[in-house]
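Worksheet: the structure to be examined is printed underneath.
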Amino acid sequence: MAGVSAQGLTFSFGGSNLTVTSVQVSDSQDLIDGSHLGIGPNQRREFVGGFATEREVTIDYISTTVLAAGSSGALSISGPMSFSGNATLSSASIGGSVGALISGSATFRVA
Numbered sequence: 142m143a144g145v146s147a148q149g150l151t152f153s154f155g156g157s158n159l160t161v162t163s164v165q166v167s168d169s170q171d172l173i174d175g176s177h178l179g180i181g182p183n184q185r186r187e188f189v190g191g192f193a194t195e196r197e198v199t200i201d202y203i204s205t206t207v208l209a210a211g212s213s214g215a216l217s218i219s220g221p222m223s224f225s226g227n228a229t230l231s232s233a234s235i236g237g238s239v240g241a242l243i244s245g246s247a248t249f250r251v252a
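Letter by letter, the sequence shown follows residues 142 to 252 in this note's numbering.
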C-alpha cells in the first residue's frame, strides 16, 4: 500500500483554524487487574479492559495564537485523516527565534 501525505489536512479547535505542521492521535486504555487471592503459584494474572478509552491529539502549529490550557471546545481534523469530538486543551506552548516562524505545540484530551 502506498503512503498517504498529510498535505491538505485542516485543523480547528473552538472555532479557530490553525496551520498545523504535524498531528498525532493516540488512544490508550488502562487495564484493570482482575486477579484474586485464590490464584495459584503458576497461574497467570488476569487483566481486563477499563471502562473508558482516552484519546489524545497532539499538534505542532504555526501561529501567534496563544492557546489557553484548560479551555474546551469542538476539535475537528479533516482531509486525508478525519476525526472530530469535544476536547479540552491539557497543555500548550509557543515560542520563536531569530529567522524562524513563531510556532507552538498543544495536546488535547478528547471526551
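Even glycine gets a Cβ: it sits at the ideal position worked out from N, Cα and C.
Per DSSP, reduced to three states, the secondary structure at Gln148 is coil, with no helix or strand assignment. The straight-line gap separating the alpha-carbon atoms of Ile203 and Gly237 is approximately 10 angstroms.
A Cβ-Cβ separation of about 34 angstroms leaves Asp174 out of contact with Ser246 under the 8 angstroms criterion.
Between the stretch 152-159 and the stretch 174-183, the count of C-beta pairs closer than 8 angstroms stays below three; the two stretches do not touch. If you draw a straight line from the Cα of Ser217 to the Cα of Gly179, it is about 48 angstroms long.
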